[in-house]
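Novice:
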Amino acid sequence: MSSSEPWTEVIRHEAARRIVRFLRYHWALNHALALMHWDLETYMPREGVKDRSIAIEELSAEVHRIERSDELARLVEEAEKHLDEMNDYERGLVRVVARRVRIARSIPEDLVRRKARVTSEATVVWAKAKKESNFALFKPYLEQIVEIERAIAEKLGYEEHPYDALLDLYEEGLRTRDVERMFSVLVPETKRILEKIMSDEFYPQKHPLEEAWYEKAKAQKLVETILDHLEWPWSRGRFDESPHPFTIDMGVYDVRITVRYEGYDIKRVVYSTMHEYGHALYELQQDPRLDQTPLAGGASLGVHESQSRFWENIIGRSPWFTPTLKKMLDETVGLTKDVDVVDLYRYVNTVRPSLIRVDADEVTYNLHIYLRFDIEKKLIEESLSVDEVPETWNQYMEKLLGVKPRNDAEGVLQDIHWSHGSIGYFPTYTLGNVVAAMIWKTMGGPGSELITSLRLRDIREWLREKIHVWGKTYPPKELVSRVTGRELDPTALVEYLEWKYTRLPDKIEEVLSK
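Each residue of the sequence shown is one higher than the one before, starting from 239 at the first, in my numbering.
1. Answer yes or no: do Glu529 and Val490 have a C-beta to C-beta separation smaller than 7 Å?
2. Within 10 angstroms of its Cβ, does Ser538 collect 16 or more other Cβ (buried), or is it exposed?
3. With a CB to CB cut of under 8 Å and the five nearest residues on each side skipped, what residues in its chain are close to Val624?
4. Could you give the DSSP three-state label for Ser686: helix, strand or coil?
5. Tell me which same chain residues have a C-beta within less than 7 Å of the C-beta of Met239, skipping the five on either side of it?
6. Excluding the five sequence neighbours on either side, which residues of its own chain have a C-beta within less than 7 Å of the C-beta of Leu694, listed in chain order?
7. Use the C-beta contact count for Gly536: other C-beta atoms within 10 angstroms, 16 or more gives buried, fewer gives exposed.
8. Which two residues bound the contiguous beta strand (DSSP E) that contains Val493?
9. Please state whether the Cβ-Cβ distance between Trp678 and Tyr734 is less than 7 Å.
10. Closer than 8 Å is the cut-off here; do at least three beta carbon pairs connect the stretch 718-735 with the stretch 585-592?
11. Would Ile552 and Ala730 qualify as a contact pair, given that the criterion is a beta-carbon distance under 7 Å?
12. So what does DSSP say about Tyr401, is it helix, strand or coil?
13. Quick check on DSSP: helix, strand or coil for Trp451?
14. Assuming the contact rule is C-beta atoms closer than 8 Å, Pro400 and Ala389 should be a hit. Round their C-beta distance to whole Å, please.
15. Below 8 Å, can you find three or more Cβ-Cβ pairs linking the stretch 277-291 to the stretch 328-347?
16. Does the distance from the C-beta atom of Leu271 to that of Leu297 stay below 7 Å?
17. What are the start and end residues of each continuous beta strand (DSSP E) run of 3 or more residues lying completely inside the stretch 304-341, in chain order?
18. Go ahead and pull the three-state DSSP assignment for Met282.
19. Fully enclosed by the stretch 368-427, which alpha helix (DSSP H) runs are 4 residues long or longer?
20. Thinking C-beta only, is Ile486 closer than 7 Å to Arg494?
21. Within 10 angstroms of the Cβ of Asp443, are there 16 or more other Cβ atoms? Answer buried if so, exposed if not.
22. Determine, using beta carbons only, whether Glu295 and Arg338 come nearer to each other than 7 Å.
Dropping the structure here:
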């Protein structure tokens, strides 16, 4: 076995090996693109974008050409004849590559180029429209983007609903009926739980620490302290600063996260760090034998999001983590020295109906996603026009959360996703929350000894063994079923929210005193 080909230990069938070897250049291009994107968001001089955008476009076009190539299609077709002879890794490899080939060959190059051109312009116009709170500026671009996405759906094909084809681009196997079923439980149950939280008044809608200012250098030390506590592997990972926190990997040996320092409300730094750590851990704990193959990386966006939300909310915002967090905050930022542990717990778990999705708490967050899903679905099926979107958005916000945007910037223009053409992406956020809760329930729910004793190493090992190590070997739905023993189950999220927000307050003093 070549030391540069560890994957040969698990990819043994020659038909599968030929695919991996053919895609070595494809992997190298994506490796380079990942590094270029990381640099673009972190340290690249501002004017460097002039050359960088051209380089990224050319390399991305080369990646697309490889995926559309007759040679790769032939290799996949040959491998599919031998699936009965293959192990799970090899069958997973063929499935993943066949899917890429199907998508790449289904969408004509002129449509790909048109989308790239329109969305490049739309992103700039969106920023201006949001700044001026003027949907009319963005409207003609959104109309083109919706038209393009409908065309892509038709080219990809679908059995039940055109939105299925777009969902599948971001979450393999996810269908509109899956999302509708999920929200049919979550929307009414979330509203019921939210009403109870508001009447009980244990979890505050506002907290003085949200407006307390901190020094950037101290916040950076806090991030280092949190990552050290989580046993971050500094030889394989790093953290930096960017306008919007993100995680990116160049492979299992090089995973990077970023954070943003806004100067106030220190919990934003804490939980963006925990969130990105969850994403990064997924990449870091993959089987190294899958590195440099199409099996490397998370099973899907939804499964990936489940890992970030698990660490951010189920661990990071739990009462068991709060005393540890207080100690770290006291020793670095210092704002919490006069705040007792119960009040700190209430601060990191504020709950309020809000206008802005990215600021939403874990209770109300999924209502924001439902709004976007339903609007997207109706745009694609042509039961809603782009003209009607702003007013529809405002009506949904009032109906779901009891708040109404005062302008387009607070409403329909708040997210960048549509300007990128990312229609079908939003549901993966709620899917991540649901799967995280299913994992919590599988670990033992409220009585999970792993969580209540904060056995972080054992939690990491549990996640590694059951989820991380497999990469893309299994389709996301199958992986979730293997891990939890259940199909996609939104009631697990309802159980988690109900326990934490309506039952836990009665015994919070007891829990935090242990």
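A virtual CB, placed ideally from N, CA and C, is assigned to each residue, including glycine.
Specialist: On the basis of the coordinates in this document:
1. The sequence position of residue 529 within the sequence shown is 291, counting from 1. The sequence position of residue 490 within the sequence shown is 252, counting from 1. According to the sequence displayed, residue 529 carries Asp and not Glu. Judged by their CB atoms, Asp529 and Val490 are nearer to each other than the 7 Å cut-off.
2. On the sequence shown, position 300 is the one that residue 538 refers to. A residue is called buried once 16 or more other Cβ atoms fall within 10 Å of its Cβ, and Ser538 is buried on that count.
3. As a first step, residue 624 must be located in the sequence shown, where it is residue number 386. Here Val624 has Lys377, Leu380, Glu381, Val384, Leu617 as same chain residues with Cβ atoms under 8 Å from its own Cβ, once five neighbours each way along the sequence are excluded.
4. Here residue 686 is taken as the residue at index 448 of the sequence shown, counted from 1. In the three-state reduction of the DSSP assignment, Ser686 falls in the coil class.
5. Taking the first residue of the sequence shown as 1, we reach residue 239 at position 1. A caution first: Met239 carries a pLDDT of 43, below 50, which makes its placement in the model unreliable, though a value can still be read off. Result list for Met239: Thr246, Glu247, in chain order.
6. Within the sequence shown, residue 694 is the residue found at index 456, counting from 1. Its chain contains Leu468 as the residues whose beta carbon lies nearer than 7 Å to that of Leu694, once the 5 sequence neighbours on both sides are disregarded; these appear in chain order.
7. By one-based count along the sequence shown, residue 536 stands at place 298. Buried is the call here.
8. Here the question's residue 493 lines up with position 255 in the sequence shown. Going by DSSP, Val493 is part of the beta strand (DSSP E) stretching over 492-497.
9. Taking the first residue of the sequence shown as 1, we reach residue 678 at position 440. Taking the first residue of the sequence shown as 1, we reach residue 734 at position 496. A contact, by the Cβ cut-off of 7 Å.
10. As far as the Cβ criterion goes, the stretch 718-735 does not touch the stretch 585-592, which means the pair count is below three.
11. Along the sequence shown, read from residue 1 onward, the residue named residue 552 stands at position 314. Along the sequence shown, read from residue 1 onward, the residue named residue 730 stands at position 492. Cβ atoms of Ile552 and Ala730: not closer than 7 Å.
12. Here residue 401 refers to the residue found at position 163 when the sequence shown is read from its first residue. Looking at Tyr401 - three-state DSSP - the assignment turns out to be helix.
13. As a position in the sequence shown, residue 451 is number 213, starting the count at 1. Trp451 carries a strand assignment under DSSP once its states are collapsed to helix, strand and coil.
14. As a working note, residue 400 is residue 162 in the sequence shown. As a working note, residue 389 is residue 151 in the sequence shown. In fact, because the Cβ distance is near 10 Å, the residues do not count as touching under 8 Å.
15. Not touching, per the Cβ criterion.
16. Here residue 271 is taken as the residue at index 33 of the sequence shown, counted from 1. Here residue 297 is taken as the residue at index 59 of the sequence shown, counted from 1. Yes, these two residues count as a Cβ contact at 7 Å.
17. You should have found no qualifying run.
18. For the purposes of this step, residue 282 is identified with residue 44 of the sequence shown, where counting begins at 1. Assigned with DSSP and collapsed to three states, Met282 falls in coil, not helix or strand.
19. Considered as a whole, the stretch 368-427 harbours 373-394, 400-408 as its complete alpha helix (DSSP H) runs of no fewer than 4 residues, in chain order.
20. As a working mapping, residue 494 is identified with position 256 in the sequence shown. As a working mapping, residue 486 is identified with position 248 in the sequence shown. In contact: Arg494 and Ile486 (Cβ atoms closer than 7 Å).
21. The sequence position of residue 443 within the sequence shown is 205, counting from 1. The residue asked about is misnamed: residue 443 is Gln in this sequence, not Asp. Result: exposed.
22. Taking the first residue of the sequence shown as position 1, residue 295 is located at position 57. Taking the first residue of the sequence shown as position 1, residue 338 is located at position 100. Against a cut-off of 7 Å, the Cβ pair of Arg338 and Glu295 comes out as no contact.
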